Structures are given as C-alpha cells and as structure tokens.
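Residue numbers (our numbering): 7 to 91. Quick reminder that beta carbons are idealized off the backbone N, C-alpha and C, glycines included. Model, not experiment: these values are computed from the prediction.
The following block contains the structure:
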C-alpha cells in the first residue's frame, strides 16, 4: 500500500499529541507496530516519518524503530480503529 510520508507523519503527530499523560513514547511504539509494513514497503525511514510529524528529538526515531522492529513479534490487542489512516 502506497501512503505518503506526509499522511504517515500526520497520523504519528495525531497519535503523539493525543497520547495520555506519560504515554507519548508508547504511542510512537504503537504507531510503528501498526504501520511497520507500510513504512517498510514504501522504503521510508523512521527519521523521515518523525521529521514529517514535526516531533523533535532523535529519541523518537529510536522509539519508532523499536515499534517497527516489534511489529513482527506482537499483535495489537486493543481496538485501534480510531488510529487508522
């Protein structure tokens, strides 16, 4: 599925900004898990997505990469329909 960096960045920014208190990094992980296949198939890097989202800091690139890497080992259990593109 081809999805632009801009759309992914907007979704990451939305998940980040709407994260519950002290759960911003967790939401970045969940974004990486949920959209890993899209990110990989389009050849995007975590840096590109984080920069497009306007989330500053190299640490969020690391957190996004953690989510992408975790995606092959975990399934999202809770309904995340409100996080679809």
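Look at residue i and residue j and say whether their C-beta atoms are less than 9 angstroms apart.
i: residue 38; j: residue 73; result: yes
i: residue 42; j: residue 78; result: yes
i: residue 69; j: residue 35; result: yes
Please report the residue range of the alpha helix (DSSP H) in which residue i lies.
i: residue 29; result: Here residue 29 belongs to no alpha helix (DSSP H), and DSSP marks it neither H nor E.
i: residue 79; result: Residue 79 -> no alpha helix (DSSP H), and no H or E assigned at all.
i: residue 15; result: 11 to 23
DSSP three-state label for residue i, please.
i: residue 55; result: helix
i: residue 50; result: coil
i: residue 71; result: helix
What number of angstroms, rounded off, separates the C-alpha of residue i from the C-alpha of residue j?
i: residue 62; j: residue 53; result: 10 angstroms
i: residue 8; j: residue 46; result: 10 angstroms
i: residue 59; j: residue 27; result: 19 angstroms
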